[in-house]
Amino acid sequence: MTQVGEGQEADESAPPVMTFGAPTAGEVLAERYELVEHINNDSAGRLVWRGVDVILRRPVAVVLRYPGGDSATEMLQAAVAASRVIHPNLVGVYDAIDEADRAYVVREWVDGQSLRDLANDGPLDPARATAIGNAVASALAAVHATGMVHGNVHPGTVMISDEGRVVLADARTDGADSQENDIRAVGGVLYFALTGSWPHAEAPLRGATAGHGRAAIPDAVRDAAGALAAPRQVRAGVPAYLDDLTMDLLDAEIAPPSSDVLAAELARLDVPAEEEHYLDNSGPLRFAADTEEEPSPLAAAGGRKVAVGIAGLLAVALVGLLIGIISLGGDDEDPQSNPVAAPSSSAPAGDATPAAATARKLTVKNVRIIDPDSKDRTEIDGAEKVIDGDEDKGWETETYRDRPNFGNLKKGMGVWIDLGEPHTVKSVQAVLSATNASAQLLAGTINPPSSSNGDKQLVANYKTAIGQPFEDHDGTTMTFNGFDADKKYQYLLFWITELPPSEGGFKLGVQEITVQGS
Numbered sequence: 334m335t336q337v338g339e340g341q342e343a344d345e346s347a348p349p350v351m352t353f354g355a356p357t358a359g360e361v362l363a364e365r366y367e368l369v370e371h372i373n374n375d376s377a378g379r380l381v382w383r384g385v386d387v388i389l390r391r392p393v394a395v396v397l398r399y400p401g402g403d404s405a406t407e408m409l410q411a412a413v414a415a416s417r418v419i420h421p422n423l424v425g426v427y428d429a430i431d432e433a434d435r436a437y438v439v440r441e442w443v444d445g446q447s448l449r450d451l452a453n454d455g456p457l458d459p460a461r462a463t464a465i466g467n468a469v470a471s472a473l474a475a476v477h478a479t480g481m482v483h484g485n486v487h488p489g490t491v492m493i494s495d496e497g498r499v500v501l502a503d504a505r506t507d508g509a510d511s512q513e514n515d516i517r518a519v520g521g522v523l524y525f526a527l528t529g530s531w532p533h534a535e536a537p538l539r540g541a542t543a544g545h546g547r548a549a550i551p552d553a554v555r556d557a558a559g560a561l562a563a564p565r566q567v568r569a570g571v572p573a574y575l576d577d578l579t580m581d582l583l584d585a586e587i588a589p590p591s592s593d594v595l596a597a598e599l600a601r602l603d604v605p606a607e608e609e610h611y612l613d614n615s616g617p618l619r620f621a622a623d624t625e626e627e628p629s630p631l632a633a634a635g636g637r638k639v640a641v642g643i644a645g646l647l648a649v650a651l652v653g654l655l656i657g658i659i660s661l662g663g664d665d666e667d668p669q670s671n672p673v674a675a676p677s678s679s680a681p682a683g684d685a686t687p688a689a690a691t692a693r694k695l696t697v698k699n700v701r702i703i704d705p706d707s708k709d710r711t712e713i714d715g716a717e718k719v720i721d722g723d724e725d726k727g728w729e730t731e732t733y734r735d736r737p738n739f740g741n742l743k744k745g746m747g748v749w750i751d752l753g754e755p756h757t758v759k760s761v762q763a764v765l766s767a768t769n770a771s772a773q774l775l776a777g778t779i780n781p782p783s784s785s786n787g788d789k790q791l792v793a794n795y796k797t798a799i800g801q802p803f804e805d806h807d808g809t810t811m812t813f814n815g816f817d818a819d820k821k822y823q824y825l826l827f828w829i830t831e832l833p834p835s836e837g838g839f840k841l842g843v844q845e846i847t848v849q850g851s
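Per the numbering used here, the very first residue in the sequence shown carries number 334; after that it's consecutive.
Written as structure tokens, this is what we have:
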């Protein structure tokens, strides 16, 4: 059972693992985490144990490193950063402690195995590979929405629980990676799932060089010039749209989409096997089309196209639309020849912008507080104040002591919004009581009852992070924009993961939330 991001036991090149003074079964760390069973060691010399949180009585994974101090700084910093992002497809990080002679990270225990181990039995079917890619992209979208980078995406850090849940583990903060590298790594994960081989010969898995030790993982098939073979050339049965998407992500000449756009596309492709025939006609949302071919982003025909990025395709479409609208004002065109673009009767003459394209404040039909980790439900009152138009009144959390992540007692809390019916969303603005809060905007499809169990179901369903917040938001106003113009949303979740300092601890008030759209 793999419980560490490297996803393998130590090989011959691994640093020695400390034996003198090593932990033993039954030992309790930090007066809270009892060690139960030694699971494995990774190639960096970290010891992985299964443990129990004796206070909350839940299983945990404990990753120890000897010594602590400076040598464990990167591991601890990565754990602290990861703890700020709560998402169903991210392994939950509970604690990070440095005791000088040793350091350890306590995180969620996952009953299951890594993608690397799972693929030992052979490549996965396309539907399962797509579902795994969707989960990884969704997790990255949540990480990237905070401005952070995961930096360690590969088959060893992608874990699949026995119940089928896919989670991404063991982020790194060594500064050597970027969000773009994270996104391209999803292509590597898809390629590995579809073929059982790793496409990045120039960047092998950490501690997993080809042909060496138990960590060995085969390199992808290549031609005499070193060009990578596409999944469809390696095995039969890989759909053209999935083959194209995977190879586009791996192509350094093609600008990748943002993680939220990639997650949305993989979610669209993640359909039951019996419904896959519907994709044959539409294909995937390709990054762009070859300028020498008919520019159809939905073309599913064989043969990869030179692409320039999804954002570029949308920009071209927008420019084309604007040119078409502007041309209507000329004397050579009959306005009635294009009634769709003709000004509405309510617009002034010469105003070529359709009234329907103008963003407006959307009416919120229902709002409530989501609090999945509390049973007393004492903090859910006052939700209606966040949409009453009065920024002087709002809903607020209780004061939590010691840590900004709700005192390490909760994964987060949120404000759930029902727009009544699906709408195109242009922006979402949240006015907060203080700066230095961390939050993300999620979308989902269910509306369960307001209860602890209902809130748990809701948070598990709301996997897709949408909109990109301004990194430097204006004081206490956090604005999310950059929404997909082709998607509509009815249910939104403003999910708070970190509270700002307040008198006596950490606390946050949400004064007002407004949604602009059409």
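Backbone N, C-alpha and C define an ideal beta-carbon position, used for all residues, glycine too.
* Since residue 824 sits in a beta bridge, which residues does DSSP pair it with? -> Translated into positions along the sequence shown, residue 824 becomes position 491. Residue pairing by DSSP places residue 824 opposite 751, 777 in a beta bridge.
* Asked: Can you tell which of 483, 524, 503 has its C-alpha closest to the C-alpha of residue 513?
  -> Reading the sequence shown from its first residue, position 180 is the one you call residue 513. The shortest C-alpha separation from residue 513 is found at 483.
* Would residue 819 be called buried (16 or more neighbouring beta carbons within 10 Å of its own) or exposed? -> As a working note, residue 819 is residue 486 in the sequence shown. The residue is exposed, with fewer than 16 neighbouring Cβ atoms inside 10 Å.
* Cβ shell of residue 444 (< 7 Å), same chain only, five flanking positions each side left out -> Taking the first residue of the sequence shown as position 1, residue 444 is located at position 111. 494, 495.
* Taking the alpha-carbon positions, what's the residue 817 to residue 359 distance? -> Taking the first residue of the sequence shown as 1, we reach residue 817 at position 484. Taking the first residue of the sequence shown as 1, we reach residue 359 at position 26. In this model, residue 817 and residue 359 are separated by some 51 Å (Cα to Cα).
* **Which listed residue (407, 525, 441, 467) has its alpha carbon closest to that of residue 453** => Here residue 453 corresponds to residue number 120 of the sequence shown, with the count starting at 1. Closest by alpha carbon: 525.
* First and last residue of the beta strand (DSSP E) that includes residue 579? -> The residue given as residue 579 occupies position 246 in the sequence shown. Here residue 579 belongs to no beta strand (DSSP E); instead the alpha helix (DSSP H) covers 573-583.
* Asked: Considering only residues of the stretch 459-483, which uninterrupted beta strand (DSSP E) runs meet the minimum length of 3 residues and lie entirely inside it, listed in chain order?
  -> none
* Inside the stretch 408-456 only - alpha helix (DSSP H) runs reaching at least 4 residues -> 448-451
* To do: Taking 8 Å as the threshold, find out whether the stretch 463-483 comes into contact with the stretch 581-592 through three or more Cβ pairs.
  => yes
* Assigned secondary structure, residue 838 (DSSP; H/G/I helix, E/B strand, else coil) -> Counting from 1 along the sequence shown, the entry for residue 838 is found at position 505. If DSSP states are grouped into helix, strand and coil, residue 838 belongs with the strands.
* So residue 713 and residue 701 are in contact, right, with Cβ under 8 Å, and what is the actual spacing, rounded? -> Residue mapping note: residue 713 aligns to position 380 of the sequence shown, counting from 1. Residue mapping note: residue 701 aligns to position 368 of the sequence shown, counting from 1. Taking 8 Å as the upper bound for CB-CB distance, residue 713 and residue 701 are in contact here, some 7 Å apart.
* Asked: Helix, strand or coil: which one does DSSP assign to residue 759?
  -> Taking the sequence shown and counting its residues from 1, one reaches residue 759 at position 426. The answer is strand: DSSP assigns residue 759 an E or B state.
* Asked: Run through DSSP, which three-state label would residue 554 get?
  -> For the purposes of this step, residue 554 is taken as residue 221 along the sequence shown, with counting starting at 1. Of the three classes helix, strand and coil, the one that applies to residue 554 here is coil, per DSSP.
* To do: Taking residue 382 and residue 395 to be in contact with their CB atoms under 8 Å, please state how far apart those CB atoms are, rounded to whole angstroms.
  => Position 49 of the sequence shown, counted from the start, is the residue given in the question as residue 382. Position 62 of the sequence shown, counted from the start, is the residue given in the question as residue 395. Between residue 395 and residue 382 the Cβ distance is about 5 Å, and since that is below 8 Å, they are a contact.
* Anyone know if the C-beta pair for residue 419 and residue 694 falls short of 7 Å? -> On the sequence shown, position 86 is the one that residue 419 refers to. On the sequence shown, position 361 is the one that residue 694 refers to. Contact: no.
* Grouping DSSP H, G and I as helix and E and B as strand, with all else coil, what is residue 833? -> Within the sequence shown, the letter at position 500 stands for residue 833. DSSP, read as helix, strand or coil, puts residue 833 in coil.
* **First and last residue of the uninterrupted alpha helix (DSSP H) at residue 592** => Residue numbering aside, residue 592 sits at position 259 when the sequence shown is read from its first letter. Looking at the DSSP string, the run of the alpha helix (DSSP H) that includes residue 592 is 592-602.
* **Backbone CA spacing between residue 733 and residue 839 [nearest angstrom]** => By one-based count along the sequence shown, residue 733 stands at place 400. By one-based count along the sequence shown, residue 839 stands at place 506. Each residue's Cα considered, the two are about 5 Å apart.
* **Among 363, 737, 780, 560, the one whose alpha carbon lies nearest that of residue 794** => The count along the sequence shown starts at 1 and reaches residue 794 at position 461. When each option's Cα is compared against that of residue 794, the closest is 780.
* Asked: From residue 371 to residue 498, what distance separates their C-alpha atoms?
  -> By 1-based counting over the sequence shown, the position of residue 371 is 38. By 1-based counting over the sequence shown, the position of residue 498 is 165. If you draw a straight line from the Cα of residue 371 to the Cα of residue 498, it comes to about 24 Å.
* Test item: CB-CB of residue 565 and residue 576 under 7 Å -> Here residue 565 refers to the residue found at position 232 of the sequence shown. Here residue 576 refers to the residue found at position 243 of the sequence shown. For residue 565 and residue 576, yes; Cβs fall inside 7 Å.
* Check whether the Cβ atoms of residue 469 and residue 519 sit closer than 7 Å, and answer yes or no. => As a working note, residue 469 is residue 136 in the sequence shown. As a working note, residue 519 is residue 186 in the sequence shown. Yes.
* To do: Could you check what DSSP says for residue 732 in three-state terms: helix, strand or coil?
  => As a first step, residue 732 is located in the sequence shown; it is residue number 399 there, counting from the start. Residue 732: coil per DSSP, three-state reduction.
* Beta-carbon contacts of residue 348 that lie in its chain and below 6 Å, excluding the five residues immediately before and after -> As a first step, residue 348 must be located in the sequence shown, where it is residue number 15. Reliability of the predicted coordinates at residue 348 is poor, the pLDDT of 46 falling under 50, and no value is obtained from them.
* Asked: Is it true that the CB of residue 754 sits closer than 7 Å to the CB of residue 823?
  -> To locate residue 823, count along the sequence shown from 1; it is residue 490. To locate residue 754, count along the sequence shown from 1; it is residue 421. Closer than 7 Å, so yes.
* To do: Let me know the secondary structure DSSP gives residue 739 once reduced to three states.
  => Working through the sequence shown from its first residue, we reach residue 739 at position 406. Correct three-state label for residue 739: helix.
* Assign residue 785 to one of three DSSP states: helix, strand, or coil. => Mapped onto the sequence shown, residue 785 falls at position 452. Reduced to three states, the DSSP call for residue 785 is helix.
* Asked: When we look at the beta-carbon of residue 568 and count the other beta-carbons within 10 Å, is it buried (16 or more) or exposed?
  -> On the sequence shown, residue 568 is found 235 positions in, with the first residue counted as 1. When all chains shown are included, residue 568 counts as exposed.
* To do: Along the beta strand (DSSP E) that carries residue 501, what are the first and last residues, could you check?
  => Position 168 of the sequence shown, counted from the start, is the residue given in the question as residue 501. Start and end: 499-501.
* Asked: Who are residue 694's beta bridge partners in DSSP?
  -> Within the sequence shown, the letter at position 361 stands for residue 694. Paired residues: 849.
* Does the Cβ of residue 834 have 16 or more other Cβ atoms within 10 Å, making it buried, or fewer, making it exposed? -> Numbered from its first residue, the sequence shown carries residue 834 at position 501. With fewer than 16 Cβ atoms within 10 Å of its Cβ, residue 834 is classed as exposed.
* To do: Tell me whether residue 730 is buried or exposed, calling it buried when 16 or more other Cβ atoms sit within 10 Å of its Cβ.
  => As a first step, residue 730 is located in the sequence shown; it is residue number 397 there, counting from the start. Label assigned to residue 730: buried.
* Asked: Distance, Cα to Cα, residue 703 vs residue 449?
  -> Taking the sequence shown and counting its residues from 1, the one referred to as residue 703 is at position 370. Taking the sequence shown and counting its residues from 1, the one referred to as residue 449 is at position 116. Cα to Cα, residue 703 sits roughly 35 Å from residue 449.
* To do: Note down, in chain order, each residue of its chain lying with its Cβ closer than 7 Å to the Cβ of residue 832, except the 5 sequence neighbours on either side.
  => For the purposes of this step, residue 832 is identified with residue 499 of the sequence shown, where counting begins at 1. These residues qualify, in order along the chain: 730, 733, 737, 739, 770, 839, 840, 841.
* To do: Taking all protein chains shown into account, decide if residue 845 is buried (16 or more other Cβ within 10 angstroms of its Cβ) or exposed.
  => Here residue 845 is taken as the residue at index 512 of the sequence shown, counted from 1. So residue 845 counts as buried.
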